[in-house]
Structures are given as C-alpha cells and as structure tokens.
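According to the working numbering, the sequence shown holds residues 20 to 163 in order.
Every residue, glycine too, gets a C-beta built ideally from N, C-alpha and C.
Predicted model only: the values in this text are computed from it and were never measured.
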Amino acid sequence: MPLATAIQAITLHVNHSTKIEYPIQLSKPSIVRCDMDNPNNVYSSPSLRLSIKLWSWGTAWGTCDWSPVPTLGLLNNLDACEHGIKCPVPTGRQTMDVTVDFTKFSVILRLLKDDAPYQFQYELHDKASGDSSCIAAQARARTK
20 MPLATAIQAI TLHVNHSTKI EYPIQLSKPS IVRCDMDNPN NVYSSPSLRL SIKLWSWGTA
80 WGTCDWSPVP TLGLLNNLDA CEHGIKCPVP TGRQTMDVTV DFTKFSVILR LLKDDAPYQF
140 QYELHDKASG DSSCIAAQAR ARTK
C-alpha cells in the first residue's frame, strides 16, 4: 500500500483554546495539530477508514517495552470522518487538526492507568484509492 500523506510535524496536544497542554487529557476531547502533505487524492467518508492502536509502557514482567492495550475491536475500521479527521481531506500541504476523543470509548478509557505513558497510532486507509497513512505519538496521559 502506498503511503498517502507525509506528516511533517505534529503538536502532541492542543486543547480547544489552542493552548498546548501536557500531559494530555484522554478524559476529554483534544486536538493534535498535524503539518502534512497530501499529494495524491481527496479523501472523504465513507471510504476513509480509521483504526486506532494503543500501547502502554512497561510489561507484566517489569521490562522496558510497549505492551498492546486490548481494545476489543472497538477502535478498528471506524469512519475516519466521524472520529476526528476533518473531511474531505484536500490535496496539498496543510495544517490539519485531528480531534482525539476517547470519551466515546469509556470502556477502553477505564482500562488505562491514570498519569502513565502511552503510544497511540492512527492508521488511515482509503478504500477508494487504496492509499494508507498513519499518525503516531507517545505521551504521558491523564485518564481521570
């Protein structure tokens, strides 16, 4: 699958007043600002799909590694335009604000330890063109 967009830089967390905050708050919607270049196609619903992968830092054996967080399939194959991606996604270099909203998935939020490091990966796939891209970030996160 070709990589559809090139993410140049991201601001890890920006709240709705555009103030940068850290640690990030998963208990409320927040915004990740991405500087990206989309050279290929315009993407829109319902063909633009989103799968979110999540890891926590550390393992049951106490080793230094990322461990996958079970999401029970709730974060797979979502309509990206209904889950934080502003559609349609035009071609060209742009700044895109991606809304990260785990409040819709309270069952997963309850599994997460408060004030701990997490890795997030947003995998985007456009069914119409076959293009794929991803956004990944690591951050300390509050869940309460």
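Residue environment, residue i, which counts as buried when at least 16 other CB atoms sit within 10 Å
| i | result |
| --- | --- |
| I127 | buried |
| R68 | buried |
| N57 | buried |
| L143 | buried |
| N95 | exposed |
| A99 | buried |
| L45 | buried |
Rounded Cβ spacing between residue i and residue j (contact assumed at less than 8 Å)
| i | j | result |
| --- | --- | --- |
| A160 | P42 | 6 Å |
| T114 | N60 | Actually they do not touch by this definition, with Cβ atoms about 19 Å apart. |
| V108 | I154 | The pair is not a contact, with the Cβ atoms about 12 Å apart (cut-off 8 Å). |
| S70 | V119 | The Cβ separation is near 14 Å, so there is no contact. |
Neighbourhood of residue i by C-beta, 7 Å cutoff - its chain only, sequence neighbours within 5 removed
| i | result |
| --- | --- |
| R112 | D56 |
| W74 | W85, S86, P87, V88, Y137, Q138 |
| G103 | V117, T118, V119, D120 |
Cutoff 6 Å; reference residue i; Cβ partners in own chain excluding five residues on either side
| i | result |
| --- | --- |
| A28 | Summary for A28: the model assigns pLDDT 49, below 50, so the residue's position carries little reliability, and this model does not support an answer. |
| K146 | S66 |
Close Cβ partners of residue i (< 8 Å) along its chain, the five nearest in sequence each way excluded
| i | result |
| --- | --- |
| K132 | S75, T162 |
| L91 | V126, I127 |
| M20 | With a pLDDT of only 45 at M20, under the threshold of 50, the placement of this residue in the model should not be trusted, and no figure is reported. |
| L130 | V88, P89 |
| G77 | C83, D84, S86 |
Within 8 Å, strictly: CB atoms of residue i and residue j
| i | j | result |
| --- | --- | --- |
| C106 | Y141 | no |
| F124 | L93 | yes |
| E40 | S64 | no |
| K47 | T122 | yes |
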